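A.B. asks: Mind looking over this structure? Questions follow.
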Amino acid sequence: FPPCHNGQFRCSNALCIPASFHCDGFRDCMDGTDEQNCTAIACPENKFLCPRGGLNNTPKCISRSQLCDGKKDCEDSADEETACSTSSCSSLGCEYKCQASLTGGACYCPEGRKVANDSRSCIDHDECAEWGFCDQLCTNTDGSYKCSCAPGYGPIDRTHCAAANSSALMLYFVHDRSVWRINPRLKPDPSPQLIANTTGASGLDYHYDKNMLFWSDVKTRKVLLLHLHLVHTEQLDHGVI
């Protein structure tokens with residue numbers, strides 16, 4: 001693995017993550033090493049710190065949207081502490097409704113709308129300007145939105161699209177000494193299928209026209225290929241890469 005640069009933190013599995021993810025209350029390394037031996041946690045601006053809200057009274061960051069919502073998201077109840085109140089709601093003049101907050105109240109709007117800059121009135125929430133609402137195409141409407149799919153794709157629910165021939169979709173990946181194939185369309189358990197054994201696979205590529213799979217082996221220092229309609233591998237390059 002390449003070395004991490006100054007703005008990164010190295011997990012014990014050698015992967016690099018942004019340094020700001022270290023000790024932020026979230027497990028970003030698969031092995032959890034970014035949250036080990038942390039003496040202090042600084043939550044991002046959009047998060048709230050529960051000083052003893054995690055397991056064994058450890059610090060924990062939660063979304064600010066979880067504050068004063070009537071649900072105990074911190075083990076120490078810091079998100080629902082007595083400071084949550086509606087004492088200022090009568091003076092806010094909210095267009096829709098007012099909810100409890102750490103500052104005595106905050107205006108909020110119905111689904112599809114958001115609070116305007118005046119902190120009181122409601123305006124349309126343009127979902128299409130944000131990532132995650134639609135798989136492909138998005139049309140914003142007043143108070144709502146509509147998802148659609150690009151040519152060659154069709155909807156599978158309100159927000160997601162799939163290729164017209166998605167039943168033939170296969171996902172290939174390498175992991176250490178194995179090359180695997182998985183059909184993500186198989187529900188509820190798309191179990192991986194072993195298609196080749198290796199000594200140290202790293203990197204994978206696919207030749208569409210020839211229906212061939214290529215991968216590099218970091219231990220034998222060779223590139224191997226697999227004709228996907230066959231069951232054996234062929235050595236492509238006997239030299240050192």
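Residue numbers (UniProt numbering): 1 to 241. Each residue gets a CB set at the ideal place from its N, CA and C atoms; glycine is no exception. Since the model is a prediction, treat every value here as computed from it, not as a measurement.
1) Here's the rule: buried if 16 or more other CB atoms are within 10 angstroms of the residue's CB, otherwise exposed. What is S87?
2) Hey, how far is the Cα of Y84 from the Cα of S77?
3) Below 8 Å on the Cβ atoms is my guess for residue 317 versus E130; work out the distance and round it to an integer in Å.
4) Based on Cα-Cα distance, which residue from V174, Y206, N183, P190 lies nearest to A196?
5) Would you list the one or two residues that DSSP bridges to Q193?
6) Could you check which residue in K47, G25, C43, M30 has the C-alpha nearest to that of N37?
7) Rounding to the nearest angstrom, what Cα-Cα distance links C11 and H227 in this structure?
8) According to DSSP, simplified to helix, strand and coil, what is C128?
9) As a quick exercise: from D69, Y172, R113, A100, pick the residue whose alpha carbon is nearest that of N211.
10) Let's test the definition: count the other Cβ atoms within 10 Å of the Cβ of E35 and tell me whether it reaches 16, buried, or not, exposed.
C.D. replies: So, to answer that:
1) Flag for S87 reads exposed.
2) Note that residue 84 is Cys in the sequence shown here, rather than Tyr. Distance between the alpha carbons of C84 and S77 is about 11 Å.
3) Missing from the structure shown is residue 317; the chain here goes from 1 to 241 and no further.
4) Answer by Cα proximity: V174.
5) R181.
6) Considering only alpha carbons, the answer is G25.
7) Straight-line spacing of the CA atoms in C11 and H227 works out to 36 Å.
8) DSSP places C128 in helix when its eight states are reduced to three.
9) Of the candidates D69, Y172, R113, A100, the residue whose Cα lies closest to the Cα of N211 is Y172.
10) It counts as buried.
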